[in-house]
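Trainee:
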Amino acid sequence: MSRALRLFVLGLLAISPVVAQTFTDCDPTQKDCPADLALGISNYTVDFTTALDATVWNTTSGKIVPSSNGSLFTINKRFDSPTIQSKFYIFFGTVEVHMKAALGQGIISSIVLESDDLDEIDWEFMGGNNTHAETNYFGKGNQTTFDRALYHPVATPSDTFHNYTLVWTAEKLQWFIDTKLVRTLNYADANSGHNYPQTPMTVRLGIWAGGDPGLNNGTIEWAGGATDFTKAPYTMYVQSAKIADFSTGQSYSYGDRTGNWQSIKSTV
Ligand SMILES: *[C@@H]1O[C@H](CO)[C@@H](O)[C@H](O)[C@H]1NC(C)=O
Ligand SMILES: *[C@@H]1O[C@H](CO)[C@@H](O)[C@H](O)[C@H]1NC(C)=O
Ligand SMILES: *[C@@H]1O[C@H](CO)[C@@H](O)[C@H](O)[C@H]1NC(C)=O
Ligand SMILES: *[C@@H]1O[C@H](CO)[C@@H](O)[C@H](O)[C@H]1NC(C)=O
Ligand SMILES: *[C@@H]1O[C@H](CO)[C@@H](O)[C@H](O)[C@H]1NC(C)=O
Ligand SMILES: *[C@@H]1O[C@H](CO)[C@@H](O)[C@H](O)[C@H]1NC(C)=O
Ligand SMILES: *[C@@H]1O[C@H](CO)[C@@H](O)[C@H](O)[C@H]1NC(C)=O
13 MSRALRLFVL
23 GLLAISPVVA
33 QTFTDCDPTQ
43 KDCPADLALG
53 ISNYTVDFTT
63 ALDATVWNTT
73 SGKIVPSSNG
83 SLFTINKRFD
93 SPTIQSKFYI
103 FFGTVEVHMK
113 AALGQGIISS
123 IVLESDDLDE
133 IDWEFMGGNN
143 THAETNYFGK
153 GNQTTFDRAL
163 YHPVATPSDT
173 FHNYTLVWTA
183 EKLQWFIDTK
193 LVRTLNYADA
203 NSGHNYPQTP
213 MTVRLGIWAG
223 GDPGLNNGTI
233 EWAGGATDFT
243 KAPYTMYVQS
253 AKIADFSTGQ
263 SYSYGDRTGN
273 WQSIKSTV
């Protein structure tokens, strides 16, 4: 998605207040940036059947509607892309999300972890594909190749709630669907660690139309085809999340410009 979403932003910035999930306000490998607020605990749970705590979560686009089935992330019309982003960061940890993807061609439901220097870990669900989920990752915004996406079988992800869990350490990154391990990325296997996600991450949940007719063909194809907005609404449901930060402290900051995990400092 990273690539697609950036293309999305590039393509639509001029005509729409699109908010992407994959952006950074300040890249610490380029300049000095404010420290990142740490989650710092291992047992944070979020109940999405009630209103989100605005001190913890920032709604960066659109609005999220809580219900007894979980929070609704809905595209009602073209250019809608409701998205939330944690104000906290985790520096290695686990992210468990129970959600149901939106059904609909070209509609992308997603769980994204994103760092200030554009390390990224993704789950993406194409609303026209009710048999597979995509996983992906990026290191330091490196987009020279796009061969990192993998597709995993899931039983009707657009009709059924599933447990999508990430377990992320300095050594390896694992994706689980309903407790079954579907992918492991070892540090060394990500371009000898250079492309391994390894800096403090925010958690972002959202939905957008990769099949927007204004986008280029590559993105629309990746998204599974053009979106028909006359068939809106398209809704993703998020029931709950459980997040653990494997590091502790008040904040995380980059000790130098490398973006290497060894350079990250925790302030207590
Ligand atoms: C979560 O962990 C913290 C310590 O890390 C503890 O103080 C708190 O009671 C725990 N909360 C729950 C609900 O387990
Ligand atoms: C929350 O989101 C708004 C809109 O994107 C942004 O201007 C603001 O800086 C964000 N605040 C935090 C704490 O991330
Ligand atoms: C919750 O989901 C059930 C089953 O899909 C549905 O019948 C019900 O209307 C939904 N409730 C809300 C508040 O969306
Ligand atoms: C869903 O994705 C899988 C993996 O890419 C692909 O094999 C399958 O054909 C796709 N199904 C549809 C309906 O696009
Ligand atoms: C979700 O999957 C993770 C990873 O396997 C597991 O640790 C966790 O217990 C599961 N959650 C539930 C509620 O089953
Ligand atoms: C970006 O990733 C590609 C593919 O893994 C790699 O060949 C290249 O060296 C990377 N660039 C940097 C700056 O790490
Ligand atoms: C996109 O693909 C369609 C169908 O193959 C084609 O008609 C159209 O010209 C393509 N558009 C671009 C911008 O390449």
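Take the sequence shown: its position 144, counted from the start at 1, is 156 in this note's numbering, and no numbers get skipped. A virtual CB, placed ideally from N, CA and C, is assigned to each residue, including glycine.
(1) Just verifying my parser: in three-state terms, what is the DSSP assignment at K254?
(2) Hey, quick one: how far does the beta strand (DSSP E) through N81 stretch, first residue to last?
(3) Ligand 4 and G236: does any heavy atom of the ligand fall closer than 8 Å to the residue's C-beta?
(4) With a threshold of 6 Å on Cβ separation, who are the neighbours of G261 within its own chain once the five nearest residues in sequence on each side are excluded?
(5) Measuring CA to CA, which of T106, I87, G82 and S93 is closest to T214?
(6) So if I measure from each beta-carbon to every heavy atom of ligand 4 and keep distances below 5 Å, which residues remain?
(7) For G312, is the classification buried or exposed, using 16 other Cβ atoms within 10 angstroms of its Cβ as the cut-off for buried?
(8) What do you reckon, is the C-beta of N175 under 8 Å from a heavy atom of ligand 5?
(9) To the nearest whole angstrom, what separates the beta carbons of F188 and K112, a pair I think is in contact under 8 Å?
(10) Considering only residues of the same chain and omitting the five flanking positions on each side of D335, which have a CB-CB separation below 6 Å?
(11) Going by DSSP, what residue range makes up the alpha helix (DSSP H) through I96?
(12) Should Q97 go down as buried or exposed, given a rule of 16 or more other Cβ atoms within 10 Å for buried?
(13) Tell me, which residues are paired with P165 by DSSP?
(14) Quick one: give me the first and last residue of the alpha helix (DSSP H) that T231 is part of.
(15) Between S204, A167 and A200, which lies nearest to K192 when the distance is taken from Cα to Cα?
(16) Check A200 in the structure and name its three-state DSSP category.
(17) Compare the Cα-Cα distances from G140 to each of S122, T177, G118 and T157 and report the closest residue.
(18) Suppose the cutoff is 8 Å on Cβ atoms and the five residues either side in sequence are ignored; what does the same chain contact list for T62 look like?
(19) Could you tell me whether any non-hydrogen atom of ligand 6 is closer than 8 Å to the CB of T211?
(20) Let me check understanding here. Comparing Cα to Cα, which of A182, G218, I219 and A145 lies closest to F103?
(21) Helix or strand or just coil, what does DSSP make of S43?
(22) Given the structure, does S80 come close to ligand 3, in the sense that its CB is under 8 Å from one of the ligand's heavy atoms?
(23) Ligand 6: which residues have Cβ under 6 Å from any of its heavy atoms, chain order?
(24) According to DSSP, is F150 part of a helix, a strand, or is it coil?
(25) When burial is assigned at 16 or more other CB atoms within 10 Å of the CB, is T86 buried or exposed?
(26) Tell me K277's beta-bridge partners as DSSP assigns them.
Mentor: On the basis of the data shown:
(1) strand
(2) Looking at the DSSP string, N81 is not in any beta strand (DSSP E), and its letter there is neither H nor E.
(3) Flag set: Cβ of G236 near ligand 4.
(4) A50, G52, S278, T279 and V280
(5) T106
(6) N141, H144 and Y163
(7) Absent from the model: residue 312. The displayed extent of the chain is 13 to 280, so no value can be given.
(8) Relative to ligand 5, the beta carbon of N175 is positioned inside 8 Å of a heavy atom.
(9) That belief does not hold up - the Cβ atoms of F188 and K112 are roughly 17 Å apart, past 8 Å.
(10) It is not possible to answer for residue 335, since the shown part of the chain is limited to 13 through 280.
(11) Not the alpha helix (DSSP H): I96 falls in the beta strand (DSSP E), residues T95 to S98.
(12) buried
(13) Under DSSP, P165 shares a beta bridge with H144.
(14) N229 to A235
(15) A167
(16) helix
(17) For G140, the nearest C-alpha among the options comes from G118.
(18) P78
(19) Flag unset: Cβ of T211 not near ligand 6.
(20) A182
(21) Going by the sequence as given, residue 43 is Lys instead of Ser. Coil.
(22) yes
(23) N154, T156, T157, N203, H206 and N207
(24) strand
(25) buried
(26) S265
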